[in-house]
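Counting from 1, position 652 in the sequence shown corresponds to residue 690 in my numbering; the numbering is continuous, with no gaps.
Virtual Cβ for every residue (Gly too), placed ideally from N, Cα, C.
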Amino acid sequence: MKKFILLLFALLTVVSVSAQSRSIRGTVVSAADGEPLVGATVVPVGGGSGTATDLDGKFHLTVSNKVSQLTVSYIGMKPVTVPVQDNMTIRLETSDTRLDEVVVTGYGSGKKLGSIVGSVAVIGEQNFENLTTPTFVDALQGQVAGLSIFSSSGDPSSVDNQIRLRGLNSLNAGTTPLFILDGAPVTQTVFTTLNPNDIESITVLKDAASVAIYGSRAANGVIVITSKKGKYGQQARVTIRAKYGWSQLTPDKVDMMNSDQYIEYRDKIGQPVSQGIKDLVNKHGISTNWRDEIFDGSAPTYSLEGAVTGGTERTSYYISLNHLNQEGIIAQSGMRRETMRVSVDSKVTDWFRVGLQTNLGYTKYETNNESGASYSGDGLYLTNPMVFARKALPYDSPYYYTFDDNGNIMWGDRAEYLHYSGMPTPDYIRSGRSVLRNRLTINAALYEAFTPIKGLTLRAQQAVDAYDTRLKNLGFPNETLYTPMGDVYANGGTAGELVTGYNQQSFSRYYSFTYTNTAEYNFNIADVHNVRALVGEESIISQSEGFGVFSEGQSDRRQMLLTQGTSVAISDLSESLVRTVMNSIFAQLSYDYDSKYFFDFTYRRDGSSKFAPGHRWANFFSVGGMWNIKSEKFLQPYTWLDDLKFRISYGTTGNSSIDNYMYYGLIGAGNVYNGQGSLGISQAANSDLTWETVKSFDLGLNFGLFNILDVDVDFYNKQTCDMLLEIPYSYTTGFDGGWGNVGGMRNRGVDVDVKANIINTRDWTWNVRANFNYNKNEITDLYDGLDELPFLNANVIYKVGHDAGSFYCVKYAGVDPRDGQQMWYTKDGNLTKVFNETRDSQILDKSQYSPWSGGFGTDLRWKGLSLRMDFTWAAKKYMINNDLYFITNNNFATSYNQRVEMLNVWTKPGDITDIPAPGQALQFDDRWLEDASFVRLKNLTLQYSLPKAWVNKACLSGVNLHFTGRNLLTFTSFTGYDPEPESNLVAFYYPNTRQYEFGIEVSF
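#1: Within a Cβ cutoff of 6 Å, which residues of the same chain sit near residue 266, ignoring the five residues on either side of it in sequence?
#2: For residue 653, which of 726, 624, 589 has the nearest alpha-carbon?
#3: Using the Cα positions of residue 709 and residue 610, report the straight-line distance between them to the nearest angstrom.
#4: Would you call the segment 518 to 532 in contact with the segment 448 to 457, where contact means no fewer than 3 C-beta pairs closer than 8 Å?
#5: Would DSSP call residue 454 helix, strand or coil?
#6: Please return the same chain residues whose Cβ sits closer than 6 Å to the Cβ of residue 1002, not counting the five positions on each side in sequence.
#7: How is residue 211 classed by DSSP in three states: helix, strand or coil?
#8: Taking the straight line between their C-alpha atoms, what separation do you get for residue 406 and residue 462?
#9: Taking only the alpha-carbon atoms, compute the straight-line gap between residue 476 and residue 292 and give it to the nearest angstrom.
#10: If we count the other Cβ atoms within 10 Å of its Cβ and call it buried at 16 or more, is residue 1030 buried or exposed?
#11: Work out the CA separation of residue 201 and residue 416 for me, nearest whole Å.
#12: Could you check where the alpha helix (DSSP H) with residue 169 kicks off and where it finishes?
#13: I need the DSSP call for residue 404, collapsed to helix, strand or coil.
#14: Taking 8 Å as the threshold, find out whether the segment 1019 to 1028 comes into contact with the segment 987 to 999 through three or more Cβ pairs.
#15: Just confirm the distance between the C-beta atoms of residue 787 and residue 805, as a whole number of angstroms; I'd bet it's less than 8 Å.
#16: Using a 10 Å radius around the Cβ and a threshold of 16 neighbouring Cβ atoms, would you call residue 499 buried or exposed?
#17: Can you grab the Cα-Cα spacing for the pair residue 334 / residue 921, in whole Å?
#18: Taking the CB atoms as reference points, tell me whether residue 348 and residue 273 lie closer together than 8 Å.
#19: Assign residue 677 to one of two classes, buried (16 or more other C-beta atoms within 10 Å of its C-beta) or exposed (fewer than that).
#20: Measuring CB to CB, does residue 875 end up less than 8 Å from residue 834?
#21: Going by C-alpha to C-alpha distance, which of 1033, 957, 460, 813 sits closest to residue 207?
#22: Using a 10 Å radius around the Cβ and a threshold of 16 neighbouring Cβ atoms, would you call residue 233 buried or exposed?
#23: Please state whether the Cβ-Cβ distance between residue 482 and residue 554 is less than 8 Å.
#24: If we call anything under 8 Å between Cβ atoms a contact, is residue 851 one with residue 863?
#25: Checking the sheet assignment: what are the DSSP bridge partners for residue 768?
#26: So, is residue 491 buried or exposed, given that buried needs 16 or more other C-beta atoms within 10 angstroms?
#27: Please report the straight-line C-alpha distance between residue 287 and residue 329, rounded to a whole angstrom.
#28: Give me the Cα-Cα distance between residue 625 and residue 427, rounded to the nearest whole angstrom.
#29: My guess is that residue 724 and residue 777 are in contact by the Cβ rule of under 8 Å, so how many angstroms apart are they, rounded?
#30: Taking residue 297 as part of the alpha helix (DSSP H), name the residues at either end of that continuous run.
#31: Can you look up residue 945 in the DSSP assignment and give me helix, strand or coil?
#32: Would you tell me roughly how many angstroms separate the C-alpha atoms of residue 846 and residue 840, rounded to the nearest one?
#33: Answer with buried or exposed for residue 931, where buried requires no fewer than 16 other C-beta atoms within 10 angstroms of its C-beta.
#34: Measure the C-alpha to C-alpha separation of residue 688 and residue 1014 and round it to an integer number of angstroms.
#35: May I have the straight-line CA-CA distance separating residue 938 from residue 300, to the nearest angstrom?
#36: Could you compute how far the alpha carbon of residue 821 sits from the alpha carbon of residue 981?
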């Protein structure tokens, strides 16, 4: 009886449930071509779990009888809400993603791109999908008008990028934009520890109306990174990617002499090589291209990653893992990276949501100690691979050799020491040491959001940006090297004696906690007055600390602990501790009337512990307006005009990017006195030190034509006031200088961005794009009535009325054909053979900062095959090529190889040449200053998506194959390794690399 009752109850329950629900089937297709949309999200309105369409665009959903509508969405399509019916076909239209895309520009909820008053640019996830480098910054180059990015190093672990937005805002304070990741500020360590494939979009905020909400940190612009997240009601989707590639040196314009040319050159200058060397070259043909020997032409890179994304009615998630290993093109450089990203959002109730975004990264990397160093105490670091590749003599061989009794050459092992050049090879130096660094980073943000009433959102976020970095630098004990060719290298010691080793270790930790609390209220009146009000408070607490130790005297490679050394000096110990606190309040009011007239007002008040009491707090604001002219009735008949908007804004932002404790009068450790330590005044106080302020004005015009062309034009004027500057002091004060708020600078320019959608059919799409920025930088004021501040040792000058990167040196006039002597121009334009830097240096109409920069590219697709090309360029950019001083110099003829042009050396009266006669000291004049303008094919990606029919049979949702090339072409007249660094001088820097990569992506 009991079993019968239970069975009856179960049947009644099934009947009851069946009566309360129904099964819905349907298909989602593209309205443009009728193709099924795979992975479209279908969610019942009013409750219940959603689903995603299958490989044929079909879905099956069980919903409650109370549900009468479904919401259907798909990336790049307009979402629709449709009545429920069985066997329905839902057609989605392509959305104008440029205007409807919701982007995050500050605190609170996002805005549609078409309703943003400020000047912003959005870079989508497609730009980050197939990068060959570990850093996402590489993908930003040439993508945004006004955003200049120059990479100074090709080292895989490098985060050394010069990033400027609309010019240089400060002479001595920081000029890098503020980076925000999921609502919290982050440091540059995120450049190599955030997997680019985890990025949904990056929004670049350029004018005061868009950045003023960030106040004191926004003087240099703001770059907002939004990571990928799951979607509610989305079916789980798994994506796996695998990549393999290799790197090599980008070609330069320097041809070093081969053996025959070098012998000829030595004869010309009257310093011939020995007959033995001539015989060696003539008989055995030894002529080494050391560039090919030093730089790896196929340094491997491989990457493997997986991601899972999806969601239920109440929870969405995104989880990814990434492993990357990239070797550098020189000895002792490379990086291994592991990352994990987790993003979870949950609708706990209809009025309460929580979410967590975390990024955990671990990098282990080598950095060649000499790759960034040019000079030792007596000259070049010869073991810097970039120096070695230029300096090594061509008749040295990369392999040892001896001769048999018949005079035949007998090849031996790879050389560790060059016989004629007289120096060890980079590989030998590497074998005698181990330099390993590792970094563990975490970026996490937890938020809680309450919606107590309609339109009001109370939100709290707690975020942390932290990393630990460790260095372990071991120099192993070395015995004297005796080579088969009779050379003796004592490793800096005495021949026959052991050179003991050393152990250097250091540890540093940084963390920054950001606590943000906001209240946002959105409402409208009469469906035409739309209002958004936001108030908030933020606190940022940062601390960095570190310590290090160096011990030496280790005598055995197997016993290299710190405690196994024999000496540790006080100067070999280090410790640091820095704390910073910033507190802020802010408010923003946004209003628009019927999506025609938009107005924004922003206010922020910031206080920083970096500045003196009484000067720590500052107020920043912006006002902005936009007129959507296209929405006016008088323009409705002009269907060829798709969009027309006018924008205007003005505001102030701040800069506090200086070291901590700069306003303090500091006491530091002095010299040892009578065997005891001492204290001394190490820094003068400045009790008036405060914020640097940038006042910005922006005018913008956006228009679209014929559903083909989109154009954005912005004019801006930025004035830096109370500039943070290191001021030289008179030595009578006991100090060489200190920080102050002096001077001013202006940046004035224009941004232009053009996009054209030329072809858009079922099988073909073709888009082109181009952008450029022109920026005129000018110093408007220095200090104490000074008009100029020259830096002769750097060949630059700060001068009122001129660019901040202006070069300042003596002009070279060439070689007198009568006697081969060097000539220069005096300030008066006369010729002289007496070099006088103090008397004759003059300002050149050349700057290290490019006034013109931009990018252009194209996207072409035919069915499943697509091609993407991105170029970046800079014009009127100059650098001192310090390499030339050593490879175009007769004084180094007997010890350094020289470039081929040195065969034109002056040897007799009447010779017309720029190479002076031997025996003259070369000077640092403008002959070394070169035009470093360039055009570079930054990215080329060829991708093929397998046909859906093939993929369906394998029960997959997508398979993509791709080839990516980076820096494949470079057009420049610069003769150094690389024209890209933005610096007054380059000297044997680690150059950017050319890369090739093949990859596959599988989704299911």
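Once the coordinates are examined:
#1: Locating residue 266 in the sequence shown gives position 228, where the first residue counts as 1. Within the same chain, residue 266 has close Cβ partners 236, 238, 356.
#2: Position 615 of the sequence shown holds residue 653. When each option's Cα is compared against that of residue 653, the closest is 726.
#3: Within the sequence shown, numbered from 1, the residue matching residue 709 stands at position 671. Within the sequence shown, numbered from 1, the residue matching residue 610 stands at position 572. Distance between the alpha carbons of residue 709 and residue 610: 15 Å.
#4: With the rule of 3 Cβ pairs closer than 8 Å, the segment 518 to 532 counts as touching the segment 448 to 457.
#5: On the sequence shown, residue 454 is found 416 positions in, with the first residue counted as 1. In the structure shown, residue 454 sits in coil (DSSP, three-state: anything other than H, G, I, E or B).
#6: By one-based count along the sequence shown, residue 1002 stands at place 964. Taken in chain order, the residues that qualify are 168, 170, 979, 1035.
#7: Taking the first residue of the sequence shown as 1, we reach residue 211 at position 173. In this structure, residue 211 counts as coil in the three-state DSSP scheme.
#8: Within the sequence shown, the letter at position 368 stands for residue 406. Within the sequence shown, the letter at position 424 stands for residue 462. One C-alpha to the other measures close to 15 Å.
#9: On the sequence shown, position 438 is the one that residue 476 refers to. On the sequence shown, position 254 is the one that residue 292 refers to. Here the alpha carbon of residue 476 sits roughly 36 Å from the alpha carbon of residue 292.
#10: For the purposes of this step, residue 1030 is identified with residue 992 of the sequence shown, where counting begins at 1. It counts as buried.
#11: Reading the sequence shown from its first residue, position 378 is the one you call residue 416. Reading the sequence shown from its first residue, position 163 is the one you call residue 201. With a pLDDT of only 47 at residue 416, under 50, the local geometry of the prediction cannot be trusted, and the value read off the model is given with reservation. Near 34 Å, if we compare the C-alpha coordinates of residue 201 and residue 416.
#12: The residue given as residue 169 occupies position 131 in the sequence shown. Careful: residue 169 lies outside any alpha helix (DSSP H) and carries neither H nor E.
#13: Residue mapping note: residue 404 aligns to position 366 of the sequence shown, counting from 1. If DSSP states are grouped into helix, strand and coil, residue 404 belongs with the strands.
#14: Short answer: they don't touch.
#15: Along the sequence shown, one-based indexing puts residue 787 at 749. Along the sequence shown, one-based indexing puts residue 805 at 767. In fact, because the Cβ distance is near 26 Å, the residues do not count as touching under 8 Å.
#16: As a first step, residue 499 must be located in the sequence shown, where it is residue number 461. The Cβ neighbour count for residue 499, taken over all protein chains shown within 10 Å, is at least 16; the residue is labelled buried.
#17: Reading the sequence shown from its first residue, position 296 is the one you call residue 334. Reading the sequence shown from its first residue, position 883 is the one you call residue 921. Looking at the backbone, the Cα of residue 334 and that of residue 921 are separated by about 21 Å.
#18: On the sequence shown, position 310 is the one that residue 348 refers to. On the sequence shown, position 235 is the one that residue 273 refers to. Residue 348 is a Cβ neighbour of residue 273, given a cutoff of 8 Å.
#19: Sequence index remark: in the sequence shown, residue 677 carries index 639 (1-based). Residue environment for residue 677: exposed (fewer than 16 other C-beta atoms within 10 angstroms of its C-beta).
#20: Walking along the sequence shown from the start, residue 875 turns up at place 837. Walking along the sequence shown from the start, residue 834 turns up at place 796. No, the pair does not count as a contact, with Cβ atoms beyond the cut-off.
#21: Along the sequence shown, read from residue 1 onward, the residue named residue 207 stands at position 169. Distance from the Cα of residue 207 is smallest, within the candidate group 1033, 957, 460, 813, for 813.
#22: Residue mapping note: residue 233 aligns to position 195 of the sequence shown, counting from 1. Buried.
#23: Against the sequence shown, residue 482 aligns to sequence position 444. Against the sequence shown, residue 554 aligns to sequence position 516. In this structure, residue 554 does not lie closer than 8 Å to residue 482 by Cβ.
#24: For this step, residue 851 is matched to residue 813 along the sequence shown. For this step, residue 863 is matched to residue 825 along the sequence shown. Going by C-beta atoms, residue 851 is nearer than 8 Å to residue 863.
#25: Within the sequence shown, residue 768 is the residue found at index 730, counting from 1. By DSSP's assignment, residue 768 forms no beta bridge with any residue.
#26: Residue mapping note: residue 491 aligns to position 453 of the sequence shown, counting from 1. Exposed: under 16 other Cβ atoms inside 10 Å.
#27: Taking the first residue of the sequence shown as position 1, residue 287 is located at position 249. Taking the first residue of the sequence shown as position 1, residue 329 is located at position 291. Distance between the alpha carbons of residue 287 and residue 329: 9 Å.
#28: Locating residue 625 in the sequence shown gives position 587, where the first residue counts as 1. Locating residue 427 in the sequence shown gives position 389, where the first residue counts as 1. Straight-line Cα distance between these residues: approximately 58 Å.
#29: Reading the sequence shown from its first residue, position 686 is the one you call residue 724. Reading the sequence shown from its first residue, position 739 is the one you call residue 777. Their Cβ separation, rounded to whole angstroms, is 6 Å, which keeps residue 724 and residue 777 in contact under 8 Å.
#30: In the sequence shown, the residue the question calls residue 297 occupies position 259. From DSSP, the alpha helix (DSSP H) with residue 297 extends over 297 to 306.
#31: Counted from its first residue, the sequence shown places residue 945 at position 907. Of the three classes helix, strand and coil, the one that applies to residue 945 here is coil, per DSSP.
#32: Counting from 1 along the sequence shown, the entry for residue 846 is found at position 808. Counting from 1 along the sequence shown, the entry for residue 840 is found at position 802. Going from the Cα of residue 846 to the Cα of residue 840 covers about 11 Å.
#33: To locate residue 931, count along the sequence shown from 1; it is residue 893. Note on residue 931: 16 or more other CB atoms within 10 angstroms of its CB, so buried under the neighbour-count rule.
#34: Reading the sequence shown from its first residue, position 650 is the one you call residue 688. Reading the sequence shown from its first residue, position 976 is the one you call residue 1014. So the two alpha carbons sit approximately 42 Å from each other.
#35: To locate residue 938, count along the sequence shown from 1; it is residue 900. To locate residue 300, count along the sequence shown from 1; it is residue 262. C-alpha separation (whole angstroms): 8 Å.
#36: Here the question's residue 821 lines up with position 783 in the sequence shown. Here the question's residue 981 lines up with position 943 in the sequence shown. Rounded to the nearest whole angstrom, the C-alpha separation of residue 821 and residue 981 is 56 Å.
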